[in-house]
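Novice: Residue numbers (the numbering used here), protein chains in the order written: chain L, -18 to 339; chain W, -18 to 339.
Each residue gets a CB set at the ideal place from its N, CA and C atoms; glycine is no exception.
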């Protein structure tokens, strides 16, 4: 068990936003809440998944919805705690810990807030190693664990439990419909996981990894070094493209933020263009029409000077950006993994090709 | 407690279809299932609400959705029994009896089937005295009883419980969204009611009333008398219009069947036209542009020869129909009742005016 301090949460916000690969929501408001809770003496505790007993019960949480809406309707972290309580009432059992479904963006921070409200730790692990937009895009789904039950709540006092589903896509359909009716944002507690399931299927250490990544960026900034080089070194990534955002198309539809953006090359990329597609997260990058990076590998759009991540809801004309790609968790590169999160899962008619292939 | 026999269920199907005021779904398939269950020796038992203990728990059930879809996707009555079981699992308590939320149409018969599957009786009462399309259009909602929880299931094995809502319209919105995602049809168990609540707020005796109405129609047919006159006598109704259906506009949208139909006058109504609006049920009748009957009073479109009801999903060009109006339950004529089920609740910009006013 480890207690997080002020510098940890600052680093976590920077690192999780990069790992969000455009989605997961901006962590800024969650960071403000974490700062306040820490200042008030709250304990933010992180638990190594290896320390879980096999029959411990872990609440897997996230804010579901369209990132743009999350910017407009601030999330009270007590709402996620409420989603966990609704699940406890449904199960008639208490949780040992909380866990983020995705380390990316705000959803890498919110579980810490919920855990603090509930007086339990957050597990140092997630089920994506990044952010993905849909329910079945998790290691748990790839592992064919049960998709149900799921609790979902909104700030008006509306609460529901999806108690059983035919399959993972049905969980996505049903929970997304409820989320859309709530206003395209909902606090959710996904199917509870046992300690054994977390140890077998979760991606361990991703909160620590996001903190380390954020620290590397902060250290580079403090040393007037290149923060993007620091990201690439920390995550064994590849630089794809640098330029200026010249086009953004964005629509909030069926509970998602979808669209595309275009980058006009600068420096060594002058004369070229990079097209980016997104569904909450960046899903495909194509240089002059040729796909050069794709899901499940992490396409990250960073501010060229600060290395700060830019989200699909905050990308805008004129930003100077550097686009990089980071490796995906190995489980997602298997045949079953790619069926859940490969390019075809996002409607791109492409076989997966790694940006790290020779 | 009373056991229903073969002639009871035949009469119930005819009577409930008339009281459905165009909606509640055609009872034909439910009748076929009831016939089979009876032939197999199942007990169909009806319980007087006065026989309920105050703390008995009653499951209030219906098939929710668009009547046209219900014609296309047959309902297995075990699905409603499953919705009741999901609610029992959620509550951790067993039900004493089942009750229809609406006596109108198929939904007046399905609860008897579910009750037979579950081995418990059906209460001789409902919460509408007819059929209405939305969750908050019940005596329970007018009485400001709790709208939650509600369980909803589909034949694929998808199941959800709406555990809490801000108010009745939110229950309608959320449950309708889930229903729409299920394919515009769902088996639902509404908020459980205590025996005390049923005795205070339900409309008592409506199953018996529907059976008596059906018997009156069957007796008139057997005697070569006018079945429509028999309906008017049994329910103290008024004849509005007779003619031929000459126009039907129908769309299945947001979980409802909506549209309008036009009747061209015949006989003493020759030269006049009657326009009918519907949202699952007939909501408004206007003669040559002048409203002459409206919700919550029961507008019933009957086959001019047989007195058989015609539903909003079965009305079609060329049918010879007689349109009648039957009185509404008194609770719906109060100011609070009209707020829930008056013409404005269906988007008609009209003050309620009774078709029985002098």
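Short check: CB of residue 35 of chain W to CB of residue 172 of chain W, under 8 Å?
Specialist: One-based indexing of the second chain puts residue 35 of chain W at position 54. One-based indexing of the second chain puts residue 172 of chain W at position 191. Against a cut-off of 8 Å, the Cβ pair of residue 172 of chain W and residue 35 of chain W comes out as no contact.
Novice: Between the Cα of residue 103 of chain L and those of L:275, L:285, L:288, L:187, spot the shortest distance and give me the residue it belongs to.
Specialist: Position 122 of the first chain, counting from 1, holds the residue named residue 103 of chain L. Residue L:187 is the option with its Cα nearest to residue 103 of chain L.
Novice: Sorted by chain position, which residues of the same chain lie with C-beta nearer than 6 Å to residue 239 of chain W's C-beta, five sequence neighbours on each side aside?
Specialist: In the second chain, the residue the question calls residue 239 of chain W occupies position 258. Closer than 6 Å at the Cβ level, and outside the excluded window around residue 239 of chain W, lie 232, 260.
Novice: Applying the 10 Å Cβ sphere with the 16-neighbour rule, what's the burial state of residue 13 of chain L?
Specialist: Position 32 of the first chain, counted from the first residue, corresponds to residue 13 of chain L. Counting Cβ neighbours within 10 Å, residue 13 of chain L comes out exposed, since fewer than 16 surround it.
Novice: Within the same chain, show all residues whose beta-carbon is closer than 6 Å to that of residue 279 of chain W, passing over the 5 residues directly before and after it, in chain order.
Specialist: Numbered from its first residue, the second chain carries residue 279 of chain W at position 298. Once the five neighbours on either side are set aside, the close Cβ partners of residue 279 of chain W are 2, 111, 307.
Novice: Quick one: what's got a C-beta closer than 7 Å to residue 24 of chain W's C-beta in the same chain, skipping five residues either side?
Specialist: Taking the first residue of the second chain as position 1, residue 24 of chain W is located at position 43. Cβ neighbours of residue 24 of chain W beyond the five flanking positions: -16, 97.
Novice: Going by CA-CA distance only, name the one from W:149, W:133, W:140 that's closest to residue 121 of chain W.
Specialist: By 1-based counting over the second chain, the position of residue 121 of chain W is 140. The shortest Cα separation from residue 121 of chain W among W:149, W:133, W:140 belongs to W:149.
Novice: Measuring only the C-alpha atoms, how far is residue 295 of chain W from residue 228 of chain W?
Specialist: Against the second chain, residue 295 of chain W aligns to sequence position 314. Against the second chain, residue 228 of chain W aligns to sequence position 247. Using only the alpha carbons, I get a separation of about 13 Å.
Novice: Check the Cβ of residue 141 of chain L against every Cβ in chain W and list those closer than 7 Å, keeping chain order.
Specialist: Within the first chain, the letter at position 160 stands for residue 141 of chain L. Neighbours of residue 141 of chain L on chain W, chain order: 141, 142, 143, 144, 155.
Novice: Under three-state DSSP, which class holds residue 359 of chain W?
Specialist: Outside the displayed range of chain W (-18 to 339) lies residue 359 of chain W, so it cannot be described from this structure.
Novice: Count the other CB atoms, across all protein chains shown, that sit within 10 Å of the CB of residue 340 of chain L; report buried if there are 16 or more and exposed otherwise.
Specialist: Lying before the first or after the last residue shown, residue 340 of chain L is absent from chain L, which here runs from -18 to 339.
Novice: Kindly indicate which three-state DSSP category residue 68 of chain W falls into: helix, strand or coil?
Specialist: Numbered from 1 along the second chain, position 87 holds the residue referred to as residue 68 of chain W. Correct three-state label for residue 68 of chain W: helix.
Novice: Checking contacts by CB at 8 Å: is residue 147 of chain L closer than that to chain W?
Specialist: In the first chain, residue 147 of chain L corresponds to position 166, counting from 1. Output row for residue 147 of chain L: interface = yes.
Novice: Spell out whether any CB of chain W is found under 8 Å from the CB atom of residue 67 of chain L.
Specialist: The sequence position of residue 67 of chain L within the first chain is 86, counting from 1. Chain W, which has a Cβ nearer than 8 Å to the Cβ of residue 67 of chain L, makes this yes.
Novice: How is the beta strand (DSSP E) around residue 305 of chain W delimited, first residue to last?
Specialist: The count along the second chain starts at 1 and reaches residue 305 of chain W at position 324. Unbroken beta strand (DSSP E) run through residue 305 of chain W: 301 to 307.
Novice: So which residues of chain L does residue 115 of chain W contact, with C-beta pairs closer than 8 Å?
Specialist: Here residue 115 of chain W refers to the residue found at position 134 of the second chain. The premise fails here: residue 115 of chain W is roughly 15 Å from chain L at the closest Cβ pair, so nothing lies under 8 Å.
Novice: Taking 8 Å as the cut-off, decide whether the C-beta atoms of residue 0 of chain W and residue 193 of chain W are in contact.
Specialist: Residue numbering aside, residue 0 of chain W sits at position 19 when the second chain is read from its first letter. Residue numbering aside, residue 193 of chain W sits at position 212 when the second chain is read from its first letter. It is not a contact, given that the beta carbons lie outside the stated cut-off.
Novice: Just the Cα atoms here: how many angstroms apart are residue 230 of chain W and residue 241 of chain W?
Specialist: Along the second chain, read from residue 1 onward, the residue named residue 230 of chain W stands at position 249. Along the second chain, read from residue 1 onward, the residue named residue 241 of chain W stands at position 260. Their Cα atoms are separated by approximately 5 Å.
Novice: Whose C-alpha, out of W:168, W:166, W:152, W:165, is nearest the C-alpha of residue 163 of chain L?
Specialist: The residue given as residue 163 of chain L occupies position 182 in the first chain. Nearest of W:168, W:166, W:152, W:165 to residue 163 of chain L, Cα basis: W:152.
Novice: Quick one: which chain W residues come within Cβ less than 7 Å of residue 101 of chain L?
Specialist: Locating residue 101 of chain L in the first chain gives position 120, where the first residue counts as 1. Those within 7 Å of residue 101 of chain L in chain W number zero; the least Cβ separation is about 22 Å.
Novice: From the DSSP output, in three-state form, read off residue 319 of chain L for me.
Specialist: The residue given as residue 319 of chain L occupies position 338 in the first chain. Residue 319 of chain L falls in the helix class under three-state DSSP.
Novice: Quick one: Cα of residue 63 of chain W to Cα of residue 53 of chain W, how far?
Specialist: As a first step, residue 63 of chain W must be located in the second chain, where it is residue number 82. As a first step, residue 53 of chain W must be located in the second chain, where it is residue number 72. Distance between the alpha carbons of residue 63 of chain W and residue 53 of chain W is about 21 Å.
Novice: Per DSSP, residue 237 of chain L is paired with what?
Specialist: For the purposes of this step, residue 237 of chain L is identified with residue 256 of the first chain, where counting begins at 1. Residue 237 of chain L pairs with L:234.
Novice: Using a C-beta cutoff of 8 Å, does residue 74 of chain L count as contacting chain W?
Specialist: Numbered from 1 along the first chain, position 93 holds the residue referred to as residue 74 of chain L. No - not a single Cβ of chain W is within 8 Å of the one on residue 74 of chain L.
Novice: Going along the chain, which unbroken runs of the beta strand (DSSP E) with 3 or more residues stay wholly within the segment 213 to 296 of chain W?
Specialist: If we require 3 residues or more, the beta strand (DSSP E) runs fully inside the segment 213 to 296 of chain W come out as 219 to 234, 237 to 246, 254 to 260, 262 to 268, 271 to 275, 279 to 284.
Novice: Can you give, in chain order, each stretch of the beta strand (DSSP E) that sits fully within the segment 86 to 154 of chain W and has at least 3 residues?
Specialist: You should have 131 to 134, 140 to 145.
Novice: Could you name the residues of the segment 119 to 138 of chain L whose beta carbon sits closer than 7 Å to any beta carbon of chain W, in the order they occur along the chain?
Specialist: For the segment 119 to 138 of chain L, which is checked against every Cβ of chain W, the residues closer than 7 Å are 137, 138.
Novice: So, is the C-beta of residue 158 of chain L closer than 8 Å to a C-beta in chain W?
Specialist: Numbered from its first residue, the first chain carries residue 158 of chain L at position 177. Chain W contact via Cβ: present.
Novice: Report the neighbours of residue 151 of chain W on chain B: residues whose CB is nearer than 8 Å to its CB, in chain order.
Specialist: In the structure shown, chain B does not exist; the protein chains are L and W.
Novice: Please confirm if residue 230 of chain L has its CB atom under 8 Å from at least one CB of chain W.
Specialist: Translated into the one-based positions of the first chain, residue 230 of chain L becomes position 249. No, no contact with chain W.
Novice: Note down, in chain order, every chain L residue with its Cβ under 7 Å from the Cβ of residue 271 of chain W.
Specialist: Locating residue 271 of chain W in the second chain gives position 290, counting from the first residue. The premise fails here: residue 271 of chain W is roughly 38 Å from chain L at the closest Cβ pair, so nothing lies under 7 Å.
Novice: May I ask you to report which of helix, strand or coil DSSP gives residue 45 of chain W?
Specialist: Mapped onto the second chain, residue 45 of chain W falls at position 64. The answer is strand: DSSP assigns residue 45 of chain W an E or B state.
Novice: Taking residue 155 of chain W and residue 143 of chain W to be in contact with their CB atoms under 8 Å, please state how far apart those CB atoms are, rounded to whole angstroms.
Specialist: Here residue 155 of chain W is taken as the residue at index 174 of the second chain, counted from 1. Here residue 143 of chain W is taken as the residue at index 162 of the second chain, counted from 1. Their Cβ separation, rounded to whole angstroms, is 5 Å, which keeps residue 155 of chain W and residue 143 of chain W in contact under 8 Å.
Novice: Mind checking residue -13 of chain L: buried by the 16 CB within 10 Å criterion, or exposed?
Specialist: Residue -13 of chain L sits at position 6 when you count from the first residue of the first chain. Per the 10 Å Cβ criterion, exposed.
Novice: Hey, would you say residue 47 of chain L sits closer than 8 Å to residue 237 of chain L, going by beta carbons?
Specialist: To locate residue 47 of chain L, count along the first chain from 1; it is residue 66. To locate residue 237 of chain L, count along the first chain from 1; it is residue 256. A contact, by the Cβ cut-off of 8 Å.
Novice: For residue 108 of chain L, which option in L:100, L:101, L:94, L:89 has the closest C-alpha, if you only look at C-alpha atoms?
Specialist: Residue numbering aside, residue 108 of chain L sits at position 127 when the first chain is read from its first letter. That would be L:89, whose Cα lies nearest to the Cα of residue 108 of chain L.
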